[in-house]
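Okay, structure first, notes after.
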Amino acid sequence: MEIEVLGWLAVRVNGVSVVPTAPKPRRVLGLLALHPDQVVPVSALVEELWGALPPRSARTTLQTYVLQLRELIGTALAAPGPRRPDGTADADADADADADAGDGAGIGDGAGAGGGGAGGGGGGRLGAKEVLATVAGGYLLRTGGGAVDHREFERRAGGGYRAMDAEDYAGAARRLAGALCLWNGPALSGVQAGSQIEMETRRLEEARLCALAQRIDADLHLGRHRELLPELTVLVNQHRMHESLHGQFMVALHRAGRRGEALDVYQRLRATLVTELGLEPSAPLGRLQRSILTARPDGAPLPAPAAPSHLTARPA
């Protein structure tokens, strides 16, 4: 199974999409895809679909949606294996499938279609009821060790953070860029989010912004301030109160000899914070503004101040 949530929802079994077109079954699959190989409680699924006041038939209706998902999974399990662009069978994939079938633990071709029971009879491969399993208190979507993009994002980003801690800025920039390239748009695009999915997508978006801020910080350490200016111009307009990005934009502009514009960035951020929140910019950002203000005139060959470290915080 392959799962993608960093953009449009995509879940593939045996290379075949199992994403339903109906909105509510799609939301069920979306929440399960956010927690693969973990039990998602029935209560969380009910809240996602109907909020705090579900109908009396909520659990029965949820079971119907699960059956619909199992039918899609069963059909995908019964489909032929992956093929090359010329239409011939992929021998490597067939060999892998045979090996998996021998282990009796794979998710792929060779199982019965429909919402049915155990796949392959005896020691065969998992069927639809095992891939999307009913367990005590909820449901479990098994990936069989397949690719899950948000887990891979966390793995790559973690490598980037460790490289930053080791002051390996080139390695950090490379790893964090690799993590960010997994994103293809807002998380779970095309899914009508309820409270549970909205909470998870906000968490993922915050993780993306943390990784982005760290990657930009690594690029600043590598002297790539001019290359960052177009990107930061867009980002500060998208995130009008994000201090990390504004601080990095100020540093990049100042290092490019555009001190006046760097100070303008600070004033615009301050006006936004005061008007909308009644807050002044943080003390570290204020110190950055003063260090730029008291520097030599634009164009003088001096090193610009570094962005305050707290402005590029990341998850623990």
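Sequential numbering of the sequence shown, starting at 0, is according to numbering that gives the first Met the number 0. Using N, Cα and C, we set each Cβ at its ideal position, and we do this for glycine too.
Euclidean distance between Cα positions of Met198 and Glu3: As a position in the sequence shown, residue 198 is number 199, starting the count at 1. As a position in the sequence shown, residue 3 is number 4, starting the count at 1. CA-CA distance, Met198 to Glu3, rounds to 17 Å.
First through last residue of the beta strand (DSSP E) which encompasses Gly126: By one-based count along the sequence shown, residue 126 stands at place 127. In the DSSP assignment, Gly126 falls outside any beta strand (DSSP E) and carries neither an H nor an E.
Pro280, DSSP secondary structure in three states: Indexing the sequence shown from 1 puts residue 280 at position 281. In the displayed model, Pro280 falls within coil according to three-state DSSP, outside both helix and strand.
Beta-carbon proximity list for Arg69, same chain, < 7 Å, skipping 5 on both sides: For the purposes of this step, residue 69 is taken as residue 70 along the sequence shown, with counting starting at 1. Excluding sequence neighbours, Arg69 sits near Gly114, Ala127, Lys128 and Leu131.
Gly111 in three-state terms, based on DSSP: The count along the sequence shown starts at 1 and reaches residue 111 at position 112. With a pLDDT of 39 at Gly111, under the threshold of 50, the modelled position of that residue is not reliable, and the figure given next carries that caveat. Coil, per DSSP.
Arg239 burial status per 10 Å Cβ neighbour count (16 or more: buried): As a position in the sequence shown, residue 239 is number 240, starting the count at 1. Exposed: under 16 other Cβ atoms inside 10 Å.
The beta strand (DSSP E) enclosing Arg11, as first and last residue numbers: Residue numbering aside, residue 11 sits at position 12 when the sequence shown is read from its first letter. Where Arg11 is concerned, the enclosing beta strand (DSSP E) stretches over Ala9 to Val12.
Cβ neighbour criterion (16 or more within 10 Å) applied to Asn236: For this step, residue 236 is matched to residue 237 along the sequence shown. Burial call: exposed.
Three-state secondary structure (DSSP) of Thr133: Looking up residue 133 in the sequence shown gives position 134. Reduced to three states, the DSSP call for Thr133 is strand.
Cα-Cα separation between Glu226 and Glu1, rounded to whole angstroms: The count along the sequence shown starts at 1 and reaches residue 226 at position 227. The count along the sequence shown starts at 1 and reaches residue 1 at position 2. Going by the C-alpha atoms only, they are around 35 Å apart.
N- and C-terminal bounds of the beta strand (DSSP E) containing Pro40: The residue given as residue 40 occupies position 41 in the sequence shown. For Pro40, the enclosing beta strand (DSSP E) begins and ends at Val38 to Pro40.
Reduced DSSP category for Val147 - H, G, I as helix; E, B as strand; rest coil: On the sequence shown, residue 147 is found 148 positions in, with the first residue counted as 1. Note: Val147 maps to strand in three-state DSSP.
Ser194 burial status per 10 Å Cβ neighbour count (16 or more: buried): On the sequence shown, residue 194 is found 195 positions in, with the first residue counted as 1. Answer is exposed; the Cβ neighbour count stays below 16.
Reduced DSSP secondary structure (H/G/I, E/B, other) of Val15: Start at 1 with the first residue of the sequence shown, and residue 15 comes out as number 16. Correct three-state label for Val15: strand.
Neighbour-count burial assignment, Glu242, 16 or more Cβ in a 10 Å radius: As a first step, residue 242 is located in the sequence shown; it is residue number 243 there, counting from the start. Classification of Glu242: buried, given that the 10 Å Cβ count is 16 or more.
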